[in-house]
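Chemist:
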Amino acid sequence: MMSSIRLRATLKKDKITVKMIIDHPMDTGRKKDDGGNLIPKHFIKKLYCYHNDMLVMDADWGTGISRKPYLKLFINNGKPGDTVKISWEDNLNKSDEAQTTIK
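Right, here's the structure in full:
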């Protein structure tokens, strides 16, 4: 199965720029389907970013985040060969992760 995370990390001097798009519905539980029934809540609740297995970002998300969220962040002290890993967990106990190596 393909990852739900599209991840790109680039290095300029010693700063890593991380960009990601997560393919997730981020349903609030307030929207109705075509039949008039409420669509159940389904949203990312935790997002983690690791640089060489060290946690550098931990985010608590909820229903206020848009569908297919995009996030950009910067990590200092990067060098070629470093790894960046992104992982998420949602309210239905589903999860995914993606990893890339800096060139």
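Numbering-wise (the working numbering), the sequence shown opens with residue 76 and increments by one.
For glycine and all other residues, C-beta sits at the position ideal for the given N, C-alpha and C.
1) With H, G and I counted as helix, E and B as strand and the rest as coil, what does DSSP make of MET129?
2) State the beta-bridge partners of THR176 as determined by DSSP.
3) Compute the beta-carbon to beta-carbon distance between ILE80 and MET95, rounded to the nearest angstrom, for a pair I have assumed lies under 8 Å.
4) Restricting to runs no shorter than 4 residues, where is the alpha helix (DSSP H) found entirely within the region 79-127?
5) Considering Cα atoms alone, identify which of ALA173, SER78, TRP163 is closest to LYS121.
Modeler: In brief:
1) Note: MET129 maps to strand in three-state DSSP.
2) THR176 is bridged by DSSP to THR158.
3) Right, their Cβ atoms sit about 6 Å apart.
4) You should have found no qualifying run.
5) Looking at the Cα atoms, TRP163 is the closest of the given residues.
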